[in-house]
Ligand SMILES: Nc1ncnc2c1ncn2[C@@H]1O[C@H](COP(=O)(O)OP(=O)(O)OP(=O)(O)O)[C@@H](O)[C@H]1O
Ligand SMILES: [Mg+2]
Ligand SMILES: [Zn+2]
C-alpha cells in the first residue's frame, strides 16, 4: 500500500477513538441497565465468580472435570436468566454485550492478519483529506442552484423546455448524491461554459462528503499535473493511489487538448476506478465528437459505455449573473 506513515497514524488514531467511544458507550449502557434492573448486576457478579471458581478448581485438583461441568451449567443458566430478564424488559438479549463500531474487527482494524474494510476506509479518507488540502472542496449547494437561469424555450429535439430539462438533470444529480454508494454509476457532464456543471459536481461532492464518503475534487489538469509530478519525482505515489482509491473522484474541466501523458493518465484513472467499481464524475466543454477526436477511441468508448451522460444546455450563467450585477 502506498499510504505514508502520517496517513496510517492518523487512521489508527481515529480507530482508537472509535474503540474508546464504543467502550464508553458499553459502560454507560451497563451502568444504566444495572440501575434499572438490579438482578442484572448480581448475575454479572455471579458470572465473574464462576469464572474465578473455575480457575481455582483447576489449580486445587480434585475432580476438576466434574467441577468444571457443574460451573458450566451454572454459567449457562445465568446467561439464560439474563437473556430472559432482558427480553422481559423489552430489551434485546445481548443488550449488555460490547458494541464495537465495526463488528468485523471489533475496532482493531484487522481481521486475522488482513486489514479490515473499516480501516481501509479510514486510510482512504485520511489520504483524501491530504490530497484535497491544497484546495479544500469549495462548497456549492443544491439549494443555491436556481432553475430560473435556464431559458423557458423549447429544447430542440425534445418536447421539453430547456428549463424543464435542466430541472430533470438537477433532480437526478440530487438523487445521485443522496443515494450515493459504491454501486453508484460514474457521471459525464457535457456542455458549454457557465451552464452549472462545476456547480452540480461540487454540490454532489459536498453531499457525498457529508455522508461520510471520501471525495477528491480538482480540475483534471491539476490532478494530471500532480500525478505527473509524482510519476517523475518523489512522493511515493500516495496522491496517485488516492486518486485511484477514493470513494468519489471529481475530475472537473477535462482539458480540450491531450498530451500522451495526460491521455494515459486519464485512461489509467478511469480504467482502474471502473474495474474497482469506484464512481467518477468527469465534466468537460468538449462535445462527444471532440472527446473522441482528442482522447481517442479507447477512452471515448469507456466514457460512453460506462458513464451516465448528462448534457447541459442554456445560456452562460456566469455572464447572466455579471449582467444582473451591472444593471
Ligand atoms: N443553476 C444555477 N443557479 C445558480 N448559480 C449557478 C447555476 N449554474 C451555475 N451557477 C453559477 O454560475 C457560475 C458558473 O457555473 P459553473 O462553474 O458551474 O459552470 P460550468 O458549467 O462548470 O462552466 P465551465 O465549463 O466554464 O467550467 C458559478 O458561479 C455557479 O455557481
Ligand atoms: Mg466548470
Ligand atoms: Zn473493522
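In this note's numbering, the protein residues as written are 6 to 332.
Using N, Cα and C, we set each Cβ at its ideal position, and we do this for glycine too.
From a predicted model like this one, the values you see are computed outputs, not experimental measurements.
key: One or two residues paired with residue 116 in a DSSP bridge   = 119
task = Would you grab the beta carbon distance between residue 135 and residue 152 for me? Rounded to a whole angstrom, and I think it's under 8 Å.
result = With a Cβ gap of about 37 Å, residue 135 and residue 152 do not count as contacting.
query = Taking the alpha carbon of residue 317 as the point to measure from, which residue in 210, 10 and 193 has its own alpha carbon closest?
reply = 193
query = Taking 8 Å as the line, does the beta carbon of residue 131 fall inside it for any heavy atom of ligand 3?
reply = no
message = Give me, in chain order, the residues of the same chain whose beta-carbon lies closer than 7 Å to that of residue 42; leave out the 5 immediate sequence neighbours on both sides.
response = 90 and 94
task = Identify the continuous alpha helix (DSSP H) that holds residue 42 and give its terminal residues.
result = Per DSSP, residue 42 belongs to no alpha helix (DSSP H) and is neither H nor E.
key: residue 244, DSSP secondary structure in three states   = helix
request  = Check whether the Cβ of residue 199 sits closer than 8 Å to any heavy atom of ligand 1, and report yes or no.
outcome  = It does: the Cβ of residue 199 is within 8 Å (strictly closer) of some heavy atom of ligand 1.
inquiry  = Does the beta-carbon of residue 172, which I'm using as the reference point, lie nearer than 8 Å to any heavy atom of ligand 3?
reply    = Distances taken from the Cβ of residue 172 to the heavy atoms of ligand 3 include none shorter than 8 Å.
inquiry  = Quick test of your reading: residue 291 and residue 261, contact by CB under 8 Å. State the CB separation rounded to the nearest angstrom.
reply    = 6 Å
message = Quick check: what's the CA-CA separation for residue 143 versus residue 176?
response = Per the coordinates, the alpha-carbon of residue 143 lies some 21 Å from the alpha-carbon of residue 176.
inquiry  = Rounded to whole angstroms, what is the Cα-Cα separation between residue 284 and residue 254?
reply    = 7 Å
key: Residue interval of the beta strand (DSSP E) (run including residue 285)   = 285-289
task = Identify, in the order they occur along the chain, each residue of the same chain with its Cβ nearer than 7 Å to the Cβ of residue 235, setting aside the five sequence neighbours on each side.
result = 242, 244 and 245
message = Just verifying my parser: in three-state terms, what is the DSSP assignment at residue 315?
response = strand
inquiry  = Alpha carbons only, please: which of 128, 227 and 64 is nearest the one belonging to residue 271?
reply    = Ranking the options by Cα distance to residue 271, first place goes to 227.
task = Grab the span of the beta strand (DSSP E) containing residue 180 for me, first residue to last.
result = Where residue 180 is concerned, there is no enclosing beta strand (DSSP E), although the alpha helix (DSSP H) it sits in stretches over 167-183.
Assigned exposure category for residue 161 - 16 Cβ within 10 Å defines buried = exposed
inquiry  = Distance check for residue 77 and residue 130, CA to CA, integer angstroms please.
reply    = 46 Å
key: Exposed unless 16 or more other CB atoms sit within 10 angstroms - verdict on residue 183   = Per the 10 Å Cβ criterion, exposed.
ask   = Going by the C-beta, is residue 181 closer than 8 Å to any heavy atom of ligand 1?
value = Flag unset: Cβ of residue 181 not near ligand 1.
key: For residue 195, the first and last residue of its enclosing alpha helix (DSSP H)   = No alpha helix (DSSP H) holds residue 195; the beta strand (DSSP E) holding it covers 191-195.
message = Here's a check: name, in chain order, each residue in its chain whose Cβ is nearer than 7 Å to the Cβ of residue 16, leaving out the five neighbours to either side.
response = Non-local C-beta neighbours of residue 16 in its own chain, meaning closer than 7 Å and more than five positions away in sequence, comprise 124, 127, 128 and 131, ordered along the chain.
key: Pair within 9 Å by beta-carbon distance, residue 286 and residue 199   = no
message = Assuming the contact rule is C-beta atoms closer than 8 Å, residue 206 and residue 138 should be a hit. Round their C-beta distance to whole Å, please.
response = Their Cβ separation, rounded to whole angstroms, is 19 Å, which puts residue 206 and residue 138 out of contact at 8 Å.
Continuous alpha helix (DSSP H) stretch holding residue 82: start and end = From DSSP, the alpha helix (DSSP H) with residue 82 extends over 69-93.
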